[in-house]
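First up is the structure itself, then whatever we jot down about it.
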Amino acid sequence: MREKAVYVLGLLAAFVMIFNLNTVFNKLPDEAMQGAVYRIIFIHVPAAIDADIFFTVSLLTAVLFLVTRKFIWDSVTVSCIEVGTMLVFLNLVTGSIWGRNQWGIWWAWDLRMTSQLMCFLLYLGYLLVRPAIAEPTQKATLSAIVAIFAYADIPLVLMAIRLPNVRTQHPGPVLETGNLAPAFRAPFGIGILALLLMGTALVLVRLHQETTRREIDSLRRELHAA
Amino acid sequence: MQGLRSAFAIAKKDLQTELRTKESINAAASFALVILVLFSFAFDLGREELYAISGGLLWLVYSFAGALIVNRGFARELPNDCLEVLMSSPAPAWSIFLGKSVAAFFLLLIVELISLPVFGLFYNIRWLQNFGSLAMVILLATWGITVVGTSFSAVTVNVRLRELMLPVLLYPILIPLLIGAMGTTTALLGGESLGGDNIASLRLLIGFDAIYTALALYLIDFVLIV
Numbered sequence: 003m004r005e006k007a008v009y010v011l012g013l014l015a016a017f018v019m020i021f022n023l024n025t026v027f028n029k030l031p032d033e034a035m036q037g038a039v040y041r042i043i044f045i046h047v048p049a050a051i052d053a054d055i056f057f058t059v060s061l062l063t064a065v066l067f068l069v070t071r072k073f074i075w076d077s078v079t080v081s082c083i084e085v086g087t088m089l090v091f092l093n094l095v096t097g098s099i100w101g102r103n104q105w106g107i108w109w110a111w112d113l114r115m116t117s118q119l120m121c122f123l124l125y126l127g128y129l130l131v132r133p134a135i136a137e138p139t140q141k142a143t144l145s146a147i148v149a150i151f152a153y154a155d156i157p158l159v160l161m162a163i164r165l166p167n168v169r170t171q172h173p174g175p176v177l178e179t180g181n182l183a184p185a186f187r188a189p190f191g192i193g194i195l196a197l198l199l200m201g202t203a204l205v206l207v208r209l210h211q212e213t214t215r216r217e218i219d220s221l222r223r224e225l226h227a228a
Numbered sequence: 014m015q016g017l018r019s020a021f022a023i024a025k026k027d028l029q030t031e032l033r034t035k036e037s038i039n040a041a042a043s044f045a046l047v048i049l050v051l052f053s054f055a056f057d058l059g060r061e062e063l064y065a066i067s068g069g070l071l072w073l074v075y076s077f078a079g080a081l082i083v084n085r086g087f088a089r090e091l092p093n094d095c096l097e098v099l100m101s102s103p104a105p106a107w108s109i110f111l112g113k114s115v116a117a118f119f120l121l122l123i124v125e126l127i128s129l130p131v132f133g134l135f136y137n138i139r140w141l142q143n144f145g146s147l148a149m150v151i152l153l154a155t156w157g158i159t160v161v162g163t164s165f166s167a168v169t170v171n172v173r174l175r176e177l178m179l180p181v182l183l184y185p186i187l188i189p190l191l192i193g194a195m196g197t198t199t200a201l202l203g204g205e206s207l208g209g210d211n212i213a214s215l216r217l218l219i220g221f222d223a224i225y226t227a228l229a230l231y232l233i234d235f236v237l238i239v
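Protein chains in written order, with our numbering: chain D, 3 to 228; chain H, 14 to 239.
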């Protein structure tokens, strides 16, 4: 059942993504100021939005694990964080490519870029510390706590980088002002959906791996105990 | 009330042990001095530029020394299974944590008070001119470093490669705190008074301390039970 869901989601994600890429590359006109390179926002921004969704889910499941002590929630947390971290990385790389093209530099310590990089480093810490803990209950509990600590830092990072004297270079929030051209809105929304579907399929795959790994682990323990 | 009394007893015990053996305080203070010397070779700066980076320099030194101090917090209890004894004592988990944080706070403060005059001396920076405000920033940020550091010291105490994992987790979380502390310290050392733009940084420091103290006191129950 789960395998089928993975295949269906994966295929759906691939279909939606190809459909969207076709619209973006073949149907939309070049942007007046930037030319062709603006198309990167249809991957760049959806990756950031979807990463936030996965991180938020990971926070909820980390709390759920601490409350219920059911290992499934730990598996969901680690899967979501892995996928979220990958999406943040995608966001950073695509942004960097766009920056090189438009600003002539790969990186600027702009507030949004800094916050995304911090977010990436925070969750990288989670992914690094997890394998270092051997005992399963301890691993799940401690990594849930790290996940909660990491999420609590995000609003503070956002506040810190808005302090005075911080440089800004990132384009203004087009979405909040509603300045996104009507023709761009649909591909933008579909872009979010495509990465969300793909991410969910990956989370399901990782979830399966985690459950299997846990089973193998407990079998091995039983064997050693016998 | 009983919890606070236990916290006080644990803080006292930790400070007493540390002041008798001086194992981490000596290491942290010498490390801070070495870093200060190294920075003088790393940058060849004029007076103006030196003031512009002074806050950053000082807080890098303090956060490096802080990681050394908090690392010992729970690791000190590992020999002779003292940690198990502490956990099975009537003292609640939060009071053990609070006691250890307070001890680490004072230890780091000692290291900071030793290295601050040396910093002023080496770099010709007049740190006494705004000392009241500077002391407030130092107290707030030091508490932030020690409270987060001690939580992660508890998280990583039984983890493989503990000494490596602690900084990987600690520094990304500390970034907002360090941004705030560095900015305000630079302004104060440059002769500005605590007002206007610096109030936002101060608010950030207070917010960071409040959020992580509350989160750590609540979550430590889960950390110390496993």
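We put the beta carbon where it would ideally sit given N, CA and C, even for glycine. Quick caveat, the model's predicted, so the values are computed rather than measured.
query: Whose C-alpha, out of 107(D), 135(D), 19(D) and 5(D), is nearest the C-alpha of residue 200(D)?
result: 19(D)
query: Shorter than 8 Å from the beta carbon of residue 182(H) to some beta carbon of chain D?
result: yes
query: How far does the alpha helix (DSSP H) with residue 104(D) in it reach, from first residue to last?
result: 73 to 104
message: Once the 5 residues before and after residue 202(D) are set aside, which same chain residues still bring their CB inside 7 Å of it?
response: 11
message: Would you say residue 173(H) lies against chain D (beta-carbon separation less than 8 Å)?
response: yes
query: Considering residue 226(H), what are the terminal residues of the alpha helix (DSSP H) in which it resides?
result: 210 to 238
C-alpha distance - residue 62(D) paired with residue 35(H), whole-angstrom precision: 43 Å
query: Taking 8 Å as the CB-CB cut-off, is residue 220(H) touching chain D?
result: yes
- prompt: Per the contact definition of three or more C-beta pairs closer than 8 Å, is the segment 86 to 105 of chain D in contact with the segment 43 to 57 of chain D?
  reply: yes
message: residue 142(D) and residue 76(D) - do their beta-carbons sit closer together than 8 Å?
response: yes
task: Just the chain D side, please: which residues come within less than 9 Å of residue 217(H) by C-beta, in chain order?
output: 158, 161, 162 and 165
- prompt: Start and end of the alpha helix (DSSP H) containing residue 219(D)?
  reply: 184 to 227
query: Among residues of its own chain, excluding the 5 on either side of residue 65(H), which ones have a beta-carbon nearer than 8 Å to its beta-carbon?
result: 199 and 203
field: Counted within 10 angstroms of its Cβ, other Cβ atoms place residue 111(D) as buried (16 or more) or exposed
entry: exposed
message: Tell me the DSSP secondary structure of residue 31(H) in three-state form.
response: helix
message: If you reduce the DSSP assignment to three classes, tell me which class residue 97(H) lands in.
response: helix
query: Are the beta-carbon atoms of residue 149(D) and residue 174(H) separated by less than 8 Å?
result: no
query: residue 146(D) to residue 233(H), Cα distance in whole Å?
result: 12 Å
message: Just checking: is the beta-carbon of residue 80(D) within a distance shorter than 8 Å of some beta-carbon in chain H?
response: no
query: Name the DSSP beta bridge partners of residue 37(D), please?
result: 33(D)
query: Is the Cβ of residue 120(D) closer than 8 Å to any Cβ of chain H?
result: yes
- prompt: Does any residue of chain D bring its CB to less than 8 Å from the CB of residue 178(H)?
  reply: yes
message: Here's the rule I'm using: 16 or more other beta-carbon atoms within 10 Å means buried, otherwise exposed. How should residue 89(H) be labelled?
response: buried
query: Whose CA, out of 62(H), 28(H), 103(H) and 73(H), lies closest to the CA of residue 317(H)?
result: Residue 317(H) is absent from the model: chain H starts at 14 and stops at 239.
task: Scan the segment 225 to 237 of chain H for residues whose Cβ lies nearer than 8 Å to a Cβ of chain D and list them as they occur along the chain.
output: 225, 228, 232, 235 and 236
task: With DSSP as the reference, label residue 10(D) as helix, strand or coil.
output: helix
message: For residue 125(D), tell me which candidate among 81(D), 104(D), 98(D) and 209(D) has the shortest Cα-Cα distance.
response: 81(D)
field: Cβ-based neighbour list, residue 38(H), same chain, cut-off 8 Å, excluding 5 preceding and 5 following
entry: 31, 32, 82, 120, 123 and 124
- prompt: Quick one, are the C-beta atoms of residue 218(H) and residue 193(H) less than 8 Å apart?
  reply: yes
- prompt: DSSP on residue 171(H), reduced to helix/strand/coil?
  reply: coil
query: Residues of chain H with a CB under 9 Å from the CB of residue 151(D): which are they?
result: 161, 164, 165, 168, 182, 186, 225, 228, 229 and 232
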